[in-house]
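Residue numbers (this note's numbering): 59 to 166.
We put the CB at the ideal spot given by N, CA and C, even for glycine.
As the structure is a prediction and not an experimental result, all values here were calculated from the model.
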């Protein structure tokens with residue numbers, strides 16, 4: 059049966075993976091073009107509407123992805139100051155993410 063989407067864990071966070079879509083996940087440390095298997099699959103939704111839940115993971119299930127490269131997230135600006143002391147500091151940060159393409163969802 060064809061699978062609509064899967065919920066899997068990577069980098070300590072949970073993401074929804076749909077075949078043929080792109081997802082930005084926490085930095086994986088893999089080369090661009092490399093194929094990976096994510097085995098921590100928490101749930102799978104079939105196209106017929108049936109939802110399969112793991113406890114906590116579905117044995118044998120995996121999401122096959124290809125790493126497209128790394129991207130930088132949105133710039134976050136934060137400001138620190140001490141009142142009445144003329145002490146101010148403006149800081150910024152851009153989180154790095156791995157952009158991956160979902161190739162296939164395999165049910166165990």
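- Could you tell me which uninterrupted alpha helix (DSSP H) segments, each at least 4 residues in length, are contained entirely in the stretch 64 to 144, listed from first to last along the chain? Whole alpha helix (DSSP H) segments, 4+ residues: zero.
- To the nearest angstrom, report how far apart residue 116 and residue 65 are at their CA atoms. On the chain shown, residue 116 is found 58 positions in, with the first residue counted as 1. On the chain shown, residue 65 is found 7 positions in, with the first residue counted as 1. So the two alpha carbons sit approximately 10 Å from each other.
- Taking residue 80 as the reference, which of 114, 94, 123, 141 has the closest Cα? For the purposes of this step, residue 80 is identified with residue 22 of the chain shown, where counting begins at 1. Cα-wise, what sits closest to residue 80 is 123.
- Can the beta-carbon of residue 159 be found closer than 8 Å to that of residue 120? On the chain shown, position 101 is the one that residue 159 refers to. On the chain shown, position 62 is the one that residue 120 refers to. Contact: no.
- Query: Skipping 5 residues on each side, what residues in its chain have a beta carbon closer than 8 Å to that of residue 92?
  - Reply: The count along the chain shown starts at 1 and reaches residue 92 at position 34. Contacts found: 124, 125.
- According to the Cβ coordinates, are residue 63 and residue 84 closer than 8 Å? Residue mapping note: residue 63 aligns to position 5 of the chain shown, counting from 1. Residue mapping note: residue 84 aligns to position 26 of the chain shown, counting from 1. No. Outside cutoff.
- Give the DSSP-derived three-state secondary structure of residue 150 in the structure shown. Indexing the chain shown from 1 puts residue 150 at position 92. Three-state result, residue 150: strand.
- Query: Whose C-beta lies closer than 8 Å to the C-beta of residue 61 among residues of the same chain, with five residues either side of it excluded?
  - Reply: What you label residue 61 is simply residue 3 of the chain shown in a count that begins at 1. These residues qualify, in order along the chain: 77, 102, 103, 104, 105, 163, 165.
- Based on Cα-Cα distance, which residue from 146, 107, 73, 113 lies nearest to residue 137? The residue you call residue 137 lines up with position 79 of the chain shown. When only C-alpha atoms are compared, the closest one is 146.
- Could you work out which residue in 154, 140, 99 is closest to residue 131 when comparing CA atoms only? Taking the chain shown and counting its residues from 1, the one referred to as residue 131 is at position 73. Of the listed residues, the one whose Cα sits closest to residue 131 is 154.
- Message: When you compare the CB positions of residue 67 and residue 100, do they come within less than 8 Å of one another, or not?
- Response: The residue labelled residue 67 in the question sits at position 9 within the chain shown. The residue labelled residue 100 in the question sits at position 42 within the chain shown. Cβ distance < 8 Å, so residue 67 and residue 100 count as in contact.
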